[in-house]
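Asks: Below is a structure I'd like to ask you about.
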Ligand code: FES
Ligand code: FES
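Protein chains in written order, with the UniProt record's numbering: chain A, 1 to 724; chain B, 1 to 152.
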């Protein structure tokens with residue numbers, strides 16, 4: 001997803017909370033949306049500001065905003081809710097549960113958590129649709145969850161105080177009980193339900209202060225570890241329905257190609273094969289088991305013709321990107337160009353196409369009957385899953401149910417719903433539940449790739465090498481155009497996110513963007529535009545510092561002029577990494593990038609061994625504002641660093657004859673344990689609003705690594721992956 | 001073809017083609033879904049199971065090669081096995097998809113090398129993790145070694 005932090009302020013403070021009375025018919029609706037039984041105390045809440053922001057088309061905003069989520073205290077005193085995010089490893093389920101429980105005074109491990117079905121109740125308030133992406137989970141839910149929990153807490157305390165006929169001042173909610181501190185008595189929450197039903201939810205309930213938190217700010221264990229260590233966690237791949245068939249697909253290797261020939265009889269001769277089904281961009285074999293489907297597909301031997309990318313290869317793509325630099329493009333920012341300068345530096349930076357390669361290949365399960373269309377999917381995007389399911393099954397939205405499973409990695413790939421569409425199509429065709437499973441090869445060759453990008457810089461500096469003016473031009477494809485079915489010429493913010501909008505006090509900056517639509521499917525890839533623009537911007541800064549013969553930290557401080565969150569990160573990083581104590585055999589490089597509401601800096605220590613890059617250490621400092629779970633933040637930094645190392649050292653998707661040549665982990669390799677450096681992460685102590693942390697660990701890695709390796713070889717690396 | 005296989009101490013009768021990989025027998029026939037499919041080509045280790053205690057990539061192991069050996073999957077690992085305990089203690093998993101394979105590889109490694117050096121850990125743990133949990137896996141293996149040492 002786009003980095004929307006500058007476009008939207010996540011802190012919706014005007015939450016409206018209401019009691020949904022037991023006799024209220026909307027309880028029935030909530031039951032469908034995941035309510036844990038009809039009983040208990042149910043609070044519905046809405047976020048008018050978030051909804052207003054996205055009801056841009058509505059001429060007169062509605063007086064009352066529909067319920068946006070709910071929190072339930074069940075009849076047996078358990079807290080229950082649907083945590084409205086997809087859990088793909090980023091730990092958001094845990095973080096949201098901690099926020100809720102801490103404000104309330106309950107045990108976060110005991111909250112009954114359900115994964116979201118498709119329901120606008122669970123729309124991401126930042127995007128106005130049900131999507132997990134853009135490092136928004138904590139940013140979006142930090143405020144609403146606390147307010148709703150505080151409302152419930154105050155209502156329960158009031159109910160108890162009334163019963164005891166004491167002041168609410170002497171009551172508190174701890175460990176799932178309301179306590180009366182004056183005479184050490186307590187009452188269980190379930191015994192307060194009927195009394196609390198009649199209490200008016202307080203407006204602006206007091207929120208706890210940092211020193212009252214029991215969980216927030218502490219490295220608490222994750223809620224999903226148990227299921228993920230004994231084999232019981234259900235991923236999309238693991239969904240099992242009675243009478244279910246299994247399908248596997250081949251899609252046109254040239255994007256947009258048409259199915260030509262296939263040998264249906266041969267496929268059907270394979271034991272267990274039930275059917276051969278054409279799908280919009282390819283063909284599926286449906287069988288009793290995956291192995292039979294796969295063997296059937298081999299026998300089917302489909303061929304394809306034509307396609308939008310026919311004839312395209314990596315050399316052609318690179319030439320087109322390069323010549324894009326000659327086009328004027330769309331101007332995002334127009335600054336003056338200094339005429340009175342001492343030096344002028346030109347540089348062209350390049351980044352390739354990349355695949356997501358989630359460990360769990362794409363898959364989904366669907367069961368379409370006359371009455372409903374039910375889907376089980378590892379999806380980051382329930383809204384579009386439901387849309388595509390309704391479109392294909394010709395059902396009303398109310399007849400479509402999307403069940404979210406655990407995701408075996410997402411990184412943006414599962415914001416797309418191509419695999420959901422296939423499962424629905426196949427279940428309709430077969431009249432039975434069908435699980436469609438992609439082979440790794442299919443997954444690798446039918447991704448929504450991180451687009452390749454080229455960036456041309458021209459920088460005019462003074463005699464000391466400090467920039468007087470700065471021109472940049474980015475040539476790439478648009479991920480948002482793909483996502484929103486936008487036009488071939490559409491330009492989006494993500495294409496140049498991170499260029500010209502960092503905290504550096506650069507004056508006279510110009511930025512223009514050129515769209516080169518290669519017809520290759522492109523998409524959100526962990527940190528989106530920042531995944532390349534971090535490399536471009538910080539690479540250029542390191543280059544300028546080198547030209548100016550200044551230390552890269554010093555050079556950045558000079559640019560930043562005054563204290564900022566970026567200087568805070570740099571200061572802490574300089575200390576953490578022992579930057580000044582360099583020794584010649586080790587190359588060091590630094591970079592710092594602001595993305596997704598956070599600031600991350602990294603220092604890399606690398607060596608050359610037998611002409612290969614060996615990375616010893618990565619130091620990382622992150623300022624992501626208020627931290628809910630520091631251990632999860634650190635793990636996400638480390639995860640982002642390893643993800644970015646794979647890309648910086650090995651990542652490049654090639655094209656030949658219009659198709660992707662990589663197919664599996666042998667030719668699109670991942671970083672191994674052996675290649676993984678020691679990673680040292682520190683978090684800046686901050687009271688700023690929470691920032692993202694799933695993605696910000698990625699962008700600084702490549703430029704810091706390029707500088708570290710450059711120190712060893714004396715070269716400047718302007719292209720990813722880095723090849724010495 | 002009819003086969004009788006021993007999984008987690010239990011014998012199961014299955015009828016599948018001789019070339020069916022053990023992975024798909026476990027998943028599609030026995031509905032034991034803890035063992036994961038990822039690359040299907042012996043490259044990643046997500047499908048690792050133990051056959052007579054040795055780690056095997058079940059996606060590339062045809063059932064016809066199995067002759068009365070004991071297969072162990074993640075479902076068969078004792079809850080308080082030192083490796084499972086260490087994994088929970090260190091909160092290793094992120095997305096979790098690779099972890100069944102990681103855990104069983106670690107079990108096999110520690111069985112053979114109770115006190116592995118860093119090099120031995122790296123050599124014994126060839127499983128890929130796209131979420132990058134390698135640092136935590138290393139720490140969990142060290143912890144499991146400690147737990148075993150204490151007779152846990
Ligand atoms: S799925 Fe068997 S090694 Fe990857
Ligand atoms: S935990 Fe996600 S692949 Fe390893």
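We treat Cβ as the ideally placed atom computed from N, Cα and C, and that holds for glycine.
DSSP on residue 381 of chain A, reduced to helix/strand/coil?
Replies: strand
Asks: Going by C-alpha distance, which of A/591, A/279, A/248 is nearest residue 295 of chain A?
Replies: A/248
Asks: Would you call the CB atoms of residue 87 of chain B and residue 229 of chain A closer than 7 angstroms?
Replies: yes
Asks: Any idea if residue 584 of chain A is buried or exposed, counting beta-carbon neighbours within 10 angstroms, 16 or more meaning buried?
Replies: exposed
Asks: So is residue 28 of chain B in contact with chain A if we call contact Cβ pairs under 7 angstroms?
Replies: yes
Asks: Please list, in chain order, all residues of the same chain as residue 139 of chain B whose beta carbon is under 6 angstroms from its beta carbon, the five residues on each side excluded.
Replies: Answer for residue 139 of chain B: 90, listed in chain order.
Asks: By Cβ distance below 8 angstroms, which residues in the same chain neighbour residue 419 of chain A in space, the five residues on each side in sequence not counted?
Replies: Closer than 8 angstroms at the Cβ level, and outside the excluded window around residue 419 of chain A, lie 362, 363, 364, 377, 436, 438.
Asks: Does the beta carbon of residue 61 of chain B come closer than 7 angstroms to any beta carbon on chain A?
Replies: no
Asks: For residue 89 of chain A, would you say it is in contact with chain B, using Cβ-to-Cβ distances shorter than 7 angstroms as the test?
Replies: yes
Asks: So residue 520 of chain A and residue 353 of chain A are supposed to be a Cβ contact under 8 angstroms. How far apart are they, rounded?
Replies: 7 angstroms
Asks: Could you name each continuous alpha helix (DSSP H) segment of 4 residues or more that falls completely within the stretch 72–153 of chain A, going from the start of the chain to the end?
Replies: 92–104
Asks: Residue 154 of chain B bridges to which residues according to DSSP?
Replies: Absent from the structure is residue 154 of chain B, since the part of chain B shown begins at 1 and ends at 152.
Asks: Does the CB of residue 349 of chain A have a neighbour CB from chain B at under 7 angstroms?
Replies: Under the 7 angstroms criterion on CB atoms, residue 349 of chain A is classed as non-interfacial with respect to chain B.
Asks: Using Cβ-Cβ distances below 8 angstroms, what residues of the stretch 83–96 of chain B are close to chain A?
Replies: 84, 87, 88, 91, 92, 93, 94, 95, 96
Asks: Quick one: what does DSSP say residue 53 of chain B is sitting in, helix, strand or coil?
Replies: coil
Asks: Determine the burial state of residue 38 of chain A: buried for a count of at least 16 other Cβ atoms within 10 Å of its Cβ, exposed for fewer.
Replies: So residue 38 of chain A counts as exposed.
Asks: Determine the direct distance from the alpha carbon of residue 152 of chain A to that of residue 194 of chain A, and round the result to whole angstroms.
Replies: So the two alpha carbons sit approximately 13 angstroms from each other.
Asks: Using the Cα positions of residue 100 of chain A and residue 415 of chain A, report the straight-line distance between them to the nearest angstrom.
Replies: 26 angstroms
Asks: By DSSP, does residue 299 of chain A sit in helix, in strand, or in coil?
Replies: helix
Asks: Could one say the Cβ of residue 225 of chain A lies closer than 7 angstroms to chain B's Cβ atoms, at least one of them?
Replies: yes
Asks: Name the residues in the stretch 327–360 of chain A whose C-beta lies less than 9 angstroms from a C-beta of chain B; which are they?
Replies: Taking 9 angstroms as the cut-off between beta carbons, the residues of the stretch 327–360 of chain A near chain B are 356, 357, 358, 359, 360, in sequence order.
Asks: Express the C-alpha separation of residue 704 of chain A and residue 614 of chain A in angstroms, rounding to a whole number.
Replies: 14 angstroms
Asks: Which residues, taken in chain order from the stretch 12–44 of chain B, show a beta carbon closer than 9 angstroms to some beta carbon of chain A?
Replies: 16, 17, 19, 20, 21, 23, 24, 25, 27, 28, 29, 31, 32, 33, 34, 35, 36, 37, 38, 39, 40, 41, 43, 44
Asks: Which residues in the same chain have their Cβ closer than 6 angstroms to the Cβ of residue 306 of chain A, if we skip the five residues on either side of it in sequence?
Replies: 257, 258
Asks: What is the DSSP secondary structure of residue 180 of chain A, reduced to helix, strand or coil?
Replies: strand
Asks: Using the beta-carbon of each residue, which ones in chain A are nearer than 7 angstroms to residue 98 of chain B?
Replies: 359
Asks: Can you tell me whether residue 112 of chain A is buried or exposed, with buried defined as 16 or more other CB within 10 angstroms of its CB?
Replies: exposed
Asks: Nearest to residue 596 of chain A by CA position, among A/684, A/78, A/44, A/139, is which residue?
Replies: A/139
Asks: Whose C-alpha, out of A/174, A/659, A/224, is nearest the C-alpha of residue 93 of chain A?
Replies: A/224
Asks: Measuring alpha carbon to alpha carbon, tell me which residue in A/573, A/134, A/472, A/90 is nearest residue 327 of chain A.
Replies: The shortest C-alpha separation from residue 327 of chain A is found at A/472.
Asks: Run through chain A and tell me which residues come within less than 8 angstroms of residue 128 of chain B, C-beta to C-beta.
Replies: Ordered by position in chain A, the residues that pass the 8 angstroms Cβ test against residue 128 of chain B are 359, 665, 670, 672.
Asks: At a cut-off of 6 angstroms, would you count residue 236 of chain A as near ligand 1, judging by its Cβ distance to the nearest heavy atom?
Replies: no
Asks: For chain B, find out if any of its Cβ atoms is closer than 7 angstroms to the Cβ of residue 62 of chain A; answer yes or no.
Replies: Unreliable positioning characterises residue 62 of chain A in this predicted model, as indicated by a pLDDT of 49, which lies under 50. The coordinate reading is nonetheless provided below. No, its Cβ sits nowhere closer than 7 angstroms to a Cβ of chain B.
Asks: Would you give the residue range spanned by the alpha helix (DSSP H) that residue 422 of chain A belongs to?
Replies: 418–430
Asks: Beta-carbon of residue 584 of chain A versus every beta-carbon of chain B: anything under 7 angstroms?
Replies: no
Asks: Return the first residue and the last residue of the beta strand (DSSP E) that residue 710 of chain A is part of.
Replies: Where residue 710 of chain A is concerned, there is no enclosing beta strand (DSSP E), although the alpha helix (DSSP H) around it starts and stops at 701–713.
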